[in-house]
Every structure is written in C-alpha cells, then in structure tokens.
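Undergrad: Numbering (my numbering), first residue to last: 34 to 294.
A virtual CB, placed ideally from N, CA and C, is assigned to each residue, including glycine.
Structure representation (structure tokens):
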C-alpha cells in the first residue's frame, strides 16, 4: 500500500472519474481541493485506490487487488492508523474483508440521489421571503464568521473561510434577521456538488430546509454544477425532504461502514 503524494494524484483522479459511484468529498481530496490522504497499490499506475478525507469520509475504488485489500484491512481494522476519530467508508464496492458477519456492527445503509430538474423547482428565490419573518441570504466576508459560530460548517470540510465563500455555494435562511438554516456544498469535484443542509433545532419544522436547498440548487445551476444528495436510508426526514424538492435515487441503497479508532 503506497501513499500517494499530491503531485502524483492525477492518475488516481482519472481512474476515479470513471467510477459510477462518484462522491465529491473523495474527488476533492484527489484533486487537492480538500485535505486527506490517498493510498494505492502502485505509485505511478494505480489499479486500486483508497481515499480518506480529513473529516473521515473514505472510499475504495478500482480493480480489486488482494494484496492491497489485505494491507487496507490491516490499516482500517487492526492497526487503525487513520487520523480522524472515525472512518466513514462509502462502499458501493464492498471489499472482501467487510463482507463477513464480523462487520455487521459497523454497517448501515445510505442512499444517493440526483436532482431531476423536470420534477424539481429551480426558481430564483434570492431576495424573496418564505413568509413575513423569513428571507433568503448568501455568504460573504461580512457574515462568514457568524455562520461558523452558528453552524460550525465553514471549517468542517473547507480549508479556509475564503474557500467556503468561493466554493461552497452556500445559501442561508434568516428568521427575524437571525441565521436559522443553511445549505452548502461540503465538496465540489468534477462538476458535482455534495449537499449538506442544517437547520438549527429551534427553527425546525418551518420549511426552512426545503427553502435553503432550493436556493442552493439555484446556485448550482448558475455555476454549472450538479447537486448530489446522500443520506442514511433510515433518515426518513432527509429522504422525504430531498424527494419533495425533486431529487430521485441514483442507485440502490449501499452499505456504509463506520469504523471507530
């Protein structure tokens, strides 16, 4: 298992672009937009690759290679050498070492959705109001520090506030002038944006999640990006919200493994 340097990640990203299960958080590490590590079976001509985002999201892709997967099993399940508190492993491809019953306690299921513009709504909502108390807003230097204080998302994935402002395409909802909900791209790669949406507890059940996602979708359209939604299959609220806006399943629910230190 060879750790790839940033300059040698091009071949791995080219391989990943052909992968049906493409996650922007993984792509953002491969193209050095966000922090993480990349391991492969070969430094120059990788056949199988493991990517681990600094926040812990990870994925294995490429041609199954027994030697590489044995080393990866040692890394993940035995030595637990990862830096994050936990690895959150996307496994549309399921390696042999996670197929046994011994891994059942680590397994849950997630569902990937894509936006269907024929079913969904993309009308511009900027400057409009959801109701007499709620209006839309966007992120800039004047409010990014407040967004971090309220939601804690500016530094969760992106390297700097400037990166968040320029690349997260975030939209916020304000209730009586107070920030209440946000939708932003946790990562952007290869023309695709990974949605993250948060509503503060005291403002839930007011329709703010749908409001900010619609705003975010508008931002994505203006930027030429495809918004992607991914959530746990048992998260009925998230599943219902994305469907109500016009997202449709892109693939069957897939296994997702949470591996703690």
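(1) Return the CA-CA distance between residue 214 and residue 90, expressed in angstroms with no decimal places.
(2) Please work out which residues of its chain come closer than 6 Å, Cβ to Cβ, to residue 36, disregarding the five sequence neighbours upstream and downstream, and give them in chain order.
(3) With DSSP as the reference, label residue 126 as helix, strand or coil.
(4) Please state whether the Cβ-Cβ distance between residue 142 and residue 289 is less than 8 Å.
(5) I need the DSSP call for residue 276, collapsed to helix, strand or coil.
(6) Should residue 229 and residue 55 be called a contact, given that it needs their Cβ atoms to be closer than 8 Å?
(7) Scan the segment 90-137 and note each continuous beta strand (DSSP E) run of 3 residues or more that stays entirely inside, going in chain order.
(8) In three-state terms, what does DSSP make of residue 166?
(9) Between which residues of its own chain and residue 44 is the CB-CB distance below 8 Å, once the five residues before and five after are set aside?
(10) Would you tell me roughly how many angstroms separate the C-alpha atoms of residue 64 and residue 204, rounded to the nearest one?
(11) Let me know if residue 57 comes out buried or exposed under the rule of 16 or more other beta-carbons within 10 Å of its beta-carbon.
(12) Going by beta-carbon coordinates alone, are residue 201 and residue 218 separated by less than 8 Å?
(13) If you pair each beta-carbon of the segment 86-103 with each one of the segment 271-278, do three or more pairs fall below 8 Å?
(14) When DSSP labels each residue in this structure, what does residue 282 get in the three-state scheme?
(15) Which full runs of the alpha helix (DSSP H) of 4+ residues lie inside the segment 46-93, going along the chain?
(16) With DSSP collapsed to three states, give me the class of residue 159.
(17) Go through its chain and collect everything with a Cβ distance to residue 267's Cβ below 8 Å, but skip five positions before and after it.
(18) Considering only the alpha carbon of each residue, which of 221, 131, 240 and 210 lies closest to residue 292?
(19) Please report how far the alpha carbon of residue 62 lies from the alpha carbon of residue 86, in whole angstroms.
(20) Assign residue 246 to one of two classes, buried (16 or more other C-beta atoms within 10 Å of its C-beta) or exposed (fewer than that).
(21) If you count every other CB in all the chains shown that lies within 10 Å of the CB of residue 232, and 16 or more means buried, which is it?
(22) Check this for me: beta carbons of residue 280 and residue 148, under 8 Å apart or not?
(23) Once the 5 residues before and after residue 184 are set aside, which same chain residues still bring their CB inside 7 Å of it?
(24) Rounded to whole angstroms, how far is the Cβ of residue 128 from the Cβ of residue 166, which I believe are closer than 8 Å?
TA: The answer reads as follows:
(1) Position 181 of the chain shown, counting from 1, holds the residue named residue 214. Position 57 of the chain shown, counting from 1, holds the residue named residue 90. So the alpha carbons of these two residues sit roughly 23 Å apart.
(2) What you label residue 36 is simply residue 3 of the chain shown in a count that begins at 1. In its chain, beyond the 5 residues on either side, 72 have a beta carbon closer than 6 Å to the beta carbon of residue 36.
(3) As a first step, residue 126 is located in the chain shown; it is residue number 93 there, counting from the start. If DSSP states are grouped into helix, strand and coil, residue 126 belongs with coil.
(4) In the chain shown, residue 142 corresponds to position 109, counting from 1. In the chain shown, residue 289 corresponds to position 256, counting from 1. Yes, the pair counts as a contact, with Cβ atoms nearer than the cut-off.
(5) The residue you call residue 276 lines up with position 243 of the chain shown. Residue state, collapsed to three classes: helix.
(6) In the chain shown, residue 229 corresponds to position 196, counting from 1. In the chain shown, residue 55 corresponds to position 22, counting from 1. Contact: no.
(7) 90-95 and 119-123
(8) Working through the chain shown from its first residue, we reach residue 166 at position 133. Residue 166: coil per DSSP, three-state reduction.
(9) Counting from 1 along the chain shown, the entry for residue 44 is found at position 11. Answer for residue 44: 77, 78 and 79, listed in chain order.
(10) By 1-based counting over the chain shown, the position of residue 64 is 31. By 1-based counting over the chain shown, the position of residue 204 is 171. Taking the straight line from one Cα to the other gives about 25 Å.
(11) Position 24 of the chain shown holds residue 57. By the beta-carbon neighbour count (other beta carbons within 10 angstroms, threshold 16), residue 57 is buried.
(12) Within the chain shown, the letter at position 168 stands for residue 201. Within the chain shown, the letter at position 185 stands for residue 218. Taking 8 Å as the Cβ cut-off, residue 201 and residue 218 qualify as a contacting pair.
(13) no
(14) Here residue 282 refers to the residue found at position 249 of the chain shown. Note: residue 282 maps to strand in three-state DSSP.
(15) The segment 46-93 contains these whole alpha helix (DSSP H) runs: 57-63.
(16) For the purposes of this step, residue 159 is taken as the residue at position 126 of the chain shown. The predicted model places residue 159 with a pLDDT of 49, which falls under 50 and marks its position as unreliable; any figure quoted below should be read in that light. Coil.
(17) For the purposes of this step, residue 267 is identified with residue 234 of the chain shown, where counting begins at 1. Here the set comprises 141 and 142.
(18) Along the chain shown, read from residue 1 onward, the residue named residue 292 stands at position 259. Looking at the Cα atoms, 131 is the closest of the given residues.
(19) For the purposes of this step, residue 62 is taken as residue 29 along the chain shown, with counting starting at 1. For the purposes of this step, residue 86 is taken as residue 53 along the chain shown, with counting starting at 1. Roughly 6 Å separates the two Cα atoms.
(20) Taking the first residue of the chain shown as 1, we reach residue 246 at position 213. Buried: at least 16 other Cβ atoms inside 10 Å.
(21) Here the question's residue 232 lines up with position 199 in the chain shown. Buried is the label assigned to residue 232, since at least 16 other Cβ atoms lie within 10 Å of its Cβ.
(22) Residue 280 sits at position 247 when you count from the first residue of the chain shown. Residue 148 sits at position 115 when you count from the first residue of the chain shown. Going by C-beta atoms, residue 280 is nearer than 8 Å to residue 148.
(23) As a working mapping, residue 184 is identified with position 151 in the chain shown. Non-local beta-carbon contacts of residue 184 in its own chain, meaning distances under 7 Å to residues more than five positions away in sequence, involve 215 and 231 in chain order.
(24) Against the chain shown, residue 128 aligns to sequence position 95. Against the chain shown, residue 166 aligns to sequence position 133. Their Cβ separation, rounded to whole angstroms, is 50 Å, which puts residue 128 and residue 166 out of contact at 8 Å.
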